[in-house]
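Some notes on the structure that comes next.
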Amino acid sequence: MVGAISSGWIADSIGRKRAMRMSSMVYIAGWITVYLSFGFVSFYSGRFLLGYGIGVLSYVIPVFIVEITPKNHRGTLATTNQVGPLAAYYKLPLNRMVVFHDDKSLPCGVLCLHHKGGHGSHNGTGLVIELEKLPIYDD
Numbered sequence: 252m253v254g255a256i257s258s259g260w261i262a263d264s265i266g267r268k269r270a271m272r273m274s275s276m277v278y279i280a281g282w283i284t285v286y287l288s289f290g291f292v293s294f295y296s297g298r299f300l301l302g303y304g305i306g307v308l309s310y311v312i313p314v315f316i317v318e319i320t321p322k323n324h325r326g327t328l329a330t331t332n333q334v335g336p337l338a339a340y341y342k343l344p345l346n347r348m349v350v351f352h353d354d355k356s357l358p359c360g361v362l363c364l365h366h367k368g369g370h371g372s373h374n375g376t377g378l379v380i381e382l383e384k385l386p387i388y389d390d
C-alpha cells in the first residue's frame, strides 16, 4: 500500500526508468532480507520491502509501457501486461484467449461492437464472425 501510494510521486520526481530501477533494487534487498532473516522482525522487514517494491512497480510499469509505445499499439501492450500474468496463472494458452475492448467506458460485462468497426484497432462484428470460423480443439 505504501509503495503504491508513493509511486506516482516517485515516478514523477526521478523518472519512470529510475523508479523501476530503484524499486527493483528495493525488491532484491527485500528478498535478500527474507532469505537471511533470523527472526520475526527481519523476516517482516524483508516482506515490507518486497511489498514496497511491487507496489511501485505495479504503477510504474504500465505507465512506462503506455508512454513508450506507439499510439496504435498501446492498448495491445497494456492489455498484455495485465492479462498475460493472469493467463499464465490459470495455464490458459494465449491462442485460446480473446480480449475485446472498445474505445468507450462501458460497465463491466457489457460488449459494444460497431458493425463496421471503430477508429481503434477492432473491425467490428467482422472480428466475431472470423473468430467463429476458427477451429476449437478440446484436449
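Residue numbers for the sequence shown, in this note's numbering: 252 to 390.
Positions of the beta carbon are idealized from the N, C-alpha and C atoms, including for glycine.
For Pro313, the enclosing alpha helix (DSSP H) covers residues Phe291 to Ile319. Under the DSSP assignment, Pro336 falls in the alpha helix (DSSP H) whose first and last residues are Arg325 to Tyr340. With a beta-carbon spacing of about 5 angstroms, Ala270 and Val311 fall inside the 8 angstroms limit used to define contacts.
Arg267 and Val314 do touch by the CB rule: their CB atoms are close to 6 angstroms apart, below 8 angstroms. Ranking Ile283, Val277 and Thr284 by CA distance to the CA of Tyr303 puts Val277 first.
In this structure, Thr320 keeps its C-beta atom at 8 angstroms or more from the C-beta atom of Leu308.
Boundaries of the alpha helix (DSSP H) around Lys268: Arg267 to Tyr286.
Taking the C-beta atoms as reference points, Ser288 is found no nearer than 8 angstroms to Gly281. With distances taken between CA atoms, Tyr286 lies nearest to Leu300 out of Met273, Leu300 and Asn332. Ile265 and Gly254 have their C-alpha atoms roughly 15 angstroms apart. Contact between Met273 and Gly306 does not hold, since the beta-carbon distance rounds to 12 angstroms and is not under 8 angstroms. The straight-line gap separating the alpha-carbon atoms of Pro336 and Phe291 is approximately 31 angstroms.
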